[in-house]
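See below for the structure under consideration.
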Amino acid sequence: MKLLPRPSRRTLVMAGAVGALTVAASAAVPAADAQAATGCAVTYTTSSWSGGFTANITIKNLGDAVDGWTLGFTFPDAGQRVGQGWSATWSQTGAAVTARSVSWNGALATGASTSVGFNGTWSAANPAPTTFTLNGTACTGATTPTTPPASTTPPPTTPPPTTPPPGGQTPVAVNGQLRVCGVNLCNQYGRPIQLRGMSTHGIQWFARCYNDASLDALADDWRADLLRIAMYVQEDGYETDPAGFTNRVNALVDEAEQRGMYALIDFHTLTPGDPMHNLDRAKTFFAAVSARNAAKKNVIYEIANEPNGVSWATIKSYAEQVIPVIRANDPDAVVVVGTRGWSSLGVSDGANANEVIDNPVNATNVMYTFHFYAASHRDNYRAEVERAAARLPLFVTEFGTVAYTGDGAVDVASSNAWLDLLDRLKISYANWTYSDKAEGSAALRPGTCAGSTYTGPGVLTESGALMRDRIRTPDNFPTA
Ligand code: IDC
Numbered sequence: 085m086k087l088l089p090r091p092s093r094r095t096l097v098m099a100g101a102v103g104a105l106t107v108a109a110s111a112a113v114p115a116a117d118a119q120a121a122t123g124c125a126v127t128y129t130t131s132s133w134s135g136g137f138t139a140n141i142t143i144k145n146l147g148d149a150v151d152g153w154t155l156g157f158t159f160p161d162a163g164q165r166v167g168q169g170w171s172a173t174w175s176q177t178g179a180a181v182t183a184r185s186v187s188w189n190g191a192l193a194t195g196a197s198t199s200v201g202f203n204g205t206w207s208a209a210n211p212a213p214t215t216f217t218l219n220g221t222a223c224t225g226a227t228t229p230t231t232p233p234a235s236t237t238p239p240p241t242t243p244p245p246t247t248p249p250p251g252g253q254t255p256v257a258v259n260g261q262l263r264v265c266g267v268n269l270c271n272q273y274g275r276p277i278q279l280r281g282m283s284t285h286g287i288q289w290f291a292r293c294y295n296d297a298s299l300d301a302l303a304d305d306w307r308a309d310l311l312r313i314a315m316y317v318q319e320d321g322y323e324t325d326p327a328g329f330t331n332r333v334n335a336l337v338d339e340a341e342q343r344g345m346y347a348l349i350d351f352h353t354l355t356p357g358d359p360m361h362n363l364d365r366a367k368t369f370f371a372a373v374s375a376r377n378a379a380k381k382n383v384i385y386e387i388a389n390e391p392n393g394v395s396w397a398t399i400k401s402y403a404e405q406v407i408p409v410i411r412a413n414d415p416d417a418v419v420v421v422g423t424r425g426w427s428s429l430g431v432s433d434g435a436n437a438n439e440v441i442d443n444p445v446n447a448t449n450v451m452y453t454f455h456f457y458a459a460s461h462r463d464n465y466r467a468e469v470e471r472a473a474a475r476l477p478l479f480v481t482e483f484g485t486v487a488y489t490g491d492g493a494v495d496v497a498s499s500n501a502w503l504d505l506l507d508r509l510k511i512s513y514a515n516w517t518y519s520d521k522a523e524g525s526a527a528l529r530p531g532t533c534a535g536s537t538y539t540g541p542g543v544l545t546e547s548g549a550l551m552r553d554r555i556r557t558p559d560n561f562p563t564a
């Protein structure tokens with residue numbers, strides 16, 4: 085099937101029937117009472133189209149602080165079904181729906197709110213549920229439709245012609261949870277796919293480039309499948325503020341998820357090149373992000389950007405210590421392991437992929453990283469990738485259209501030769517970088533991120549224009 089252009093979320097909301105209601109819980113006891121108030125307030129907002137809808141639910145805890153919660157509600161119509169959900173573990177029995185908190189949002193203080201949601205389907209009608217419970221306590225009270233009144237916005241009788249359902253067509257909605265099968269990355273149907281997308285620049289330097297407008301452009305205008313989140317560990321990165329960088333990565337995972345893109349969490353080690361230097365940090369970081377994102381289908385973990393100056397045996401040992409930390413929380417996620425010589429499969433060190441083929445990481449659902457810069461790495465690297473791809477699952481988590489410095493002129497011929505090869509072999513890739521740094525590899529012209537426009541003729545560099553042309557062609561993801 086062809087992937088249709090995805091409209092922005094704003095367009096979707098405006099095009100669909102929008103209904104919202106607030107269920108305010110009445111406190112069971114007066115506020116002045118010494119006992120804590122009980123109850124909860126739930127806001128249930130839908131954006132719907134013929135046969136499908138997205139529900140966004142905000143839960144406010146008006147009772148005692150809880151550590152772990154279960155939200156319950158019942159669909160009014162027998163034809164309503166929960167499909168893919170987020171930020172909770174969703175289940176449905178008959179018309180009864182249950183959402184259980186996940187590790188990172190279970191703690192809800194008195195007065196605190198959290199948001200969850202799902203994409204669902206409906207047949208006869210799609211009325212909003214009117215009663216909710218939180219940990220068994222009814223969130224009863226007035227059900228007040230807020231915006232807009234139902235009478236002024238009847239549901240469309242036919243689906244908006246140019247508006248595909250959110251979640252119905254996005255890369256994550258189509259492909260679901262990924263896994264490695266043979267030498268390929270496969271989707272929920274067990275079919276090989278290729279993800280094409282962009283890498284951030286270092287998020288410690290270019291946070292201003294990752295905002296609603298720029299990420300909408302990446303999802304809707306570029307039609308990217310993938311956002312790589314480059315979190316440097318050194319160079320003013322993670323090591324200076326572990327909690328802060330962990331939060332920033334998680335926020336970008338959510339931004340990608342909201343737009344139906346996969347998120348590649350890149351633990352961007354570079355200097356020093358020995359990943360063991362960061363082993364403890366890696367364990368801490370991946371324990372946190374894998375616990376927090378375990379329920380998501382859009383997360384892929386890249387545990388070491390570019391090992392250099394170390395043997396494959398050392399990289400393998402590092403991987404075999406970090407992967408179990410991830411698996412303990414998120415058993416089904418794909419993990420990508422860096423390779424020797426700046427993730428060149430050893431080629432830049434005068435070796436080749438045999439050291440990995442002969443001695444792979446002792447774990448399943450693992451892929452291996454290959455990086456190239458098109459103006460520096462050409463035929464001998466392409467030949468090794470083609471040879472290795474028959475034996476190893478490869479993922480090009482970073483590459484440039486320019487020289488390995490990240491700067492200089494775009495090598496159009498070499499870039500296209502590489503991209504043709506990756507397309508043919510169904511090797512997924514992320515291009516360095518979706519940023520406006522004044523260097524040849526950046527996709528956006530200098531100054532772009534100071535503004536609010538990320539589409540149109542004015543914003544792309546030569547590299548950006550080439551990459552957008554390559555990325556926005558139809559994905560044709562198999563669905564059976
Ligand atoms: C480069 C950036 C540059 C930055 C530098 C800092 O392009 O702006 O000053 O990092 O270390 C890689 C690395 C990646 C490099 C990139 C280009 O993964 O961090 O980015 N590159 O040199 N490997 C090969 C090339």
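The opening position of the sequence shown corresponds to residue 85 in my numbering, with each subsequent residue numbered one higher.
Quick reminder that beta carbons are idealized off the backbone N, C-alpha and C, glycines included.
None of the values given here were measured: they were computed from a predicted structure.
- For Phe-351, the pairing in a beta bridge is given by DSSP as Met-315.
- Bounds of the alpha helix (DSSP H) holding Glu-404 are 396-413.
- Check the Cα spacing between Asp-296 and each of Ala-335, Lys-144, Asp-507 and Pro-211: the tightest is with Ala-335.
- The beta carbons of Asp-416 and Arg-424 sit no closer together than 8 Å.
- Around the Cβ of Asn-515, a 10 Å sphere holds 16 or more other Cβ atoms; the residue is buried.
- For Ser-283, the number of other beta carbons within 10 angstroms of its own is at least 16, and it is reported as buried.
- For Asn-203, the pairing in a beta bridge is given by DSSP as Thr-138.
- Judged by DSSP secondary structure, Glu-341 falls within the alpha helix (DSSP H) whose first and last residues are 326-342.
- When secondary structure is reduced to three states using DSSP, His-285 falls in the coil class, being assigned neither helix nor strand.
- Bounds of the alpha helix (DSSP H) holding Gly-548 are 546-555.
- If you draw a 10 Å sphere on the C-beta of Gly-430, you find 16 or more other C-beta atoms in it, and that means buried.
- The DSSP-derived three-state label of Glu-482 is strand.
- Under the 10 Å beta carbon count, Tyr-273 is surrounded by fewer than 16 other beta carbons and is classified as exposed.
- Taking non-hydrogen atoms of the ligand IDC into account, the C-beta of His-461 is found less than 7 Å away from none of them.
- Straight-line spacing of the CA atoms in Pro-211 and Phe-159 works out to 8 Å.
- The Cβ-Cβ distance between Trp-170 and Gly-201 falls below 8 Å.
- Annotation for Glu-390 indicates a beta carbon within 7 Å of some heavy atom of the ligand IDC.
- Excluding the 5 residues flanking it on each side, Ala-208 has same chain C-beta neighbours closer than 7 Å at Asp-161 and Gly-163, in chain order.
- The beta carbon of Asp-491 sits closer than 8 Å to those of Glu-523, Gly-524 and Ser-525, all from its chain and outside the five residues before and after it, given in chain order.
- The count of Cβ pairs closer than 8 Å, one atom from the region 257-272 and one from the region 489-506, stays below three, leaving the stretches out of contact.
- Note: Ile-277 is bridge-paired with Leu-269 in the DSSP secondary-structure output.
- Nearest in C-alpha terms to Gly-393, of all of Asp-338, Thr-355 and Thr-330, is Thr-355.
- Here Ser-199 really is in contact with Ile-141; their C-beta atoms are around 7 Å apart, less than 8 Å.
- Residue pairing by DSSP places Leu-192 opposite Val-150 in a beta bridge.
- Taking a contact to require three or more Cβ pairs closer than 8 Å, the region 325-342 and the region 376-395 qualify as touching.
- By the neighbour-count criterion, in which a residue is buried when 16 or more other Cβ atoms sit within 10 angstroms of its Cβ, Arg-280 is buried.
- Here Phe-290 is near Ser-519, since their CB atoms are less than 8 Å apart.
- The residue among Ser-427, Tyr-488, Thr-324 and Val-419 with its C-alpha nearest the C-alpha of Ile-349 is Val-419.
- Looking at the backbone, the Cα of Ser-395 and that of Ser-197 are separated by about 48 Å.
- Our two residues, Arg-376 and Thr-563, have alpha carbons roughly 29 Å apart in a direct line.
- Between Met-451 and Phe-479, the C-beta gap is smaller than 8 Å, which places the two residues in contact.
- The criterion of a C-beta distance shorter than 8 Å is satisfied by Val-256 and Gly-344.
- Using a cutoff of 7 Å, the CB of His-455 counts as near the ligand IDC, since one of the ligand's heavy atoms is closer than that.
- Residue nearest to Arg-554 within the set Val-469, Asn-560 and Ala-308 is Ala-308 (criterion: CA-CA distance).
- At a threshold of 7 Å, Glu-319 counts as near the ligand IDC, since its beta carbon sits closer than that to one of the ligand's heavy atoms.
- Remark: the C-beta of Leu-336 is outside contact range of the ligand IDC, defined as less than 7 Å to any heavy atom.
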